[in-house]
Ligand SMILES: Nc1ncnc2c1ncn2[C@@H]1O[C@H](COP(=O)(O)OP(=O)(O)OP(=O)(O)O)[C@@H](O)[C@H]1O
Ligand SMILES: [Mg+2]
């Protein structure tokens, strides 16, 4: 375990207006899980993109098994045994598990004619899946699989192509607790056979569980490489540069009159007889497994999904909500989990995105007050520590976490009184997570009602006043804050 397999030395990378990496060095040993830690925009993904050949470096050297390598394109890195495990998967969804694992690397019946040997593909796939203890049918189509399973396929694919280093960029972001356990045991198994991992995550509690060593980046520079027995507080201080007192701040807020009531919401085959009410100042957690219908319910309330029946009352009055526009004008904001698909105009500026739902406020007659738009946006950039060159920067050039913050800013700016947050802290660093909880607390304090969907139970338990557990489209249980625990939520989510 002491052999150095990868050495990146004094890597520099500049983008217009930012030094994404300055003299960053990283050393990975064979069979270790090396955690890369840093705030949003610290340079983690950029370093990995340089390693895999997606970006070119400005300067610095990379050594693999003692030899300097020049990385010119992603194919080459793959060929020498460095593999990026994507979560969203650059796999072919209409092909089967087996076909995907051997895609681009198919065993041929006859190498002169190039006919693919399908039975061999299936057989070899089965062997790999058994070896890795992955319970998946080789002939299943990828479109039938969930995120966790896709990730497993991606890892199996890397394994079959003899990858010696696998890079996982926030692999647990949308996984359930049990799926995380499965992923970790897969990683441990691969470690034993000598595979090294570079592991990026914003979930601090995972680090001692899975990491062997940790390299912390801050502002594009390397802070230090330390052992995994380094206390979490110390790691946080290294990455954020300050002490964080409370990871999950919760304020006591007066919970007053009802602001939202959802009655008799039904959708064929997916949502059944949903009834709940939300009061001003209340944070209502919505728990459940992926596929339980949480996002669908949120979108149905918001008017973004058709329903067979629903009654929505706001401040006690019945309102007709048939589209997101209706919802927004009734004061409902929905922060979608899928920021790229639903929430952001990627090639537009930060400020245009932030002011989009509240453009009316920035107009005098037909004239848009650009200066005011920018001023307000700047305020939110500061509040949420959005790291960018200016409010005019295009959203597509921001790091993942910073894009998520723009989505937040957009809705915070919109003066809604009901907020539905769908996985608001995915991909967000610890420091900013805390800021987001504070903002949610603040919204509650100002009298908004909040529905919070999260698969991240520590946060859901910490900030919710009550928790509804959704299971296969039905409300299975409603807990008060004091009654809810990780175990009993999981119980009702799975029975
Ligand atoms: N293609 C690009 N063009 C311009 N700037 C970029 C580009 N890619 C990254 N950056 C900038 O480089 C910096 C580092 O970004 P990077 O994506 O590496 O951060 P990260 O550590 O992965 O953050 P996160 O935790 O949010 O994913 C950021 O300031 C980002 O805006
Ligand atoms: Mg990143």
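Residue numbers (my numbering): -12 to 482. Backbone N, C-alpha and C fix where the C-beta goes; we use that ideal spot for every residue, glycine too.
Inset, instruction - Might you give, ordered along the chain, the residues of its own chain that have their beta carbon closer than 6 Å to the beta carbon of residue 338, omitting 5 neighbours on each side? - result: So the list reads 360, 361, 364, 378, once near-sequence residues are dropped.
Legend entry - Neighbourhood of residue 233 by C-beta distance below 8 Å, restricted to the same chain and skipping five residues each side: Cβ neighbours of residue 233 within its own chain (closer than 8 Å, five residues either side excluded): 421.
Inset, instruction - Could you tell me whether the Cβ atoms of residue 266 and residue 246 are closer together than 9 Å? - result: Their beta carbons are under 9 Å apart, which means residue 266 touches residue 246 by this criterion.
Inset, instruction - Using alpha carbons as the reference points, say which of 15, 317, 224 lies closest to residue 304. - result: Measuring from the Cα of residue 304, the nearest candidate turns out to be 317.
Legend entry - Residue environment, residue 139, which counts as buried when at least 16 other CB atoms sit within 10 Å: With a 10 Å radius around the Cβ and a threshold of 16 neighbouring Cβ atoms, residue 139 comes out buried.
Inset, instruction - Taking all protein chains shown into account, decide if residue 120 is buried (16 or more other Cβ within 10 angstroms of its Cβ) or exposed. - result: Exposed, by the Cβ-count rule.
Inset, instruction - Kindly indicate the opening and closing residues of the beta strand (DSSP E) around residue 409. - result: Boundaries of the beta strand (DSSP E) around residue 409: 405 to 409.
Inset, instruction - Give a yes or no on contact between the region 163 to 170 and the region -11 to -2, applying the rule of three or more CB pairs nearer than 8 Å. - result: Below 8 Å, too few C-beta pairs join the region 163 to 170 and the region -11 to -2 to call them touching: fewer than three.
Legend entry - For residue 180: DSSP bridge partner residues: Secondary-structure assignment with DSSP links residue 180 through no beta bridge to anything.
Legend entry - Same chain, Cβ closer than 7 Å to residue 467, neighbours up to 5 away in sequence not counted: Excluding residues within five positions, the ones whose Cβ falls inside 7 Å are 453.
Inset, instruction - Pull up the distance between the alpha-carbon of residue 157 and that of residue 463, whole angstroms please. - result: Cα-Cα distance, rounded: 30 Å.
Legend entry - Span of the beta strand (DSSP E) around residue 209: Run containing residue 209: 208 to 214, per the beta strand (DSSP E) assignment.
Legend entry - Residue span of the beta strand (DSSP E) that contains residue 479, given as start and end: Note, residue 479: premise wrong, no beta strand (DSSP E); alpha helix (DSSP H) at 473 to 481.
Legend entry - Candidates 51, 283, 264: closest to residue 39 by CA position: Measuring from the Cα of residue 39, the nearest candidate turns out to be 51.
Legend entry - Spatial distance of residue 173 from residue 193 (CA atoms): For residue 173 and residue 193, the distance between alpha carbons rounds to 15 Å.
Inset, instruction - Check whether the Cβ of residue 290 lies closer than 9 Å to any Cβ atom in chain B. - result: Among the protein chains of the structure shown there is no chain B, as only one such chain exists.
Inset, instruction - Measuring alpha carbon to alpha carbon, tell me which of 143, 243, 28, 347 ends up nearest residue 1. - result: Shortest Cα-Cα distance from residue 1 to any of 143, 243, 28, 347 involves 28.
Legend entry - Reduced DSSP secondary structure (H/G/I, E/B, other) of residue 186: DSSP, reduced to helix, strand and coil, places residue 186 within a strand of the structure shown.
Inset, instruction - May I ask whether a heavy atom of ligand 2 can be found less than 8 Å away from the beta carbon of residue 31? - result: The answer is yes for residue 31.
Legend entry - Distance cut-off 8 Å: residue 280 Cβ against heavy atoms of ligand 2: Checking the 8 Å criterion, the Cβ of residue 280 is out of range of every heavy atom belonging to ligand 2.
Legend entry - Simplified DSSP state of residue 174, which is helix, strand or coil: Three-state result, residue 174: helix.
Inset, instruction - Following the continuous alpha helix (DSSP H) through residue 291, name the residue where it begins and the one where it ends. - result: The continuous stretches of alpha helix (DSSP H) do not include residue 291, and DSSP gives it neither H nor E.
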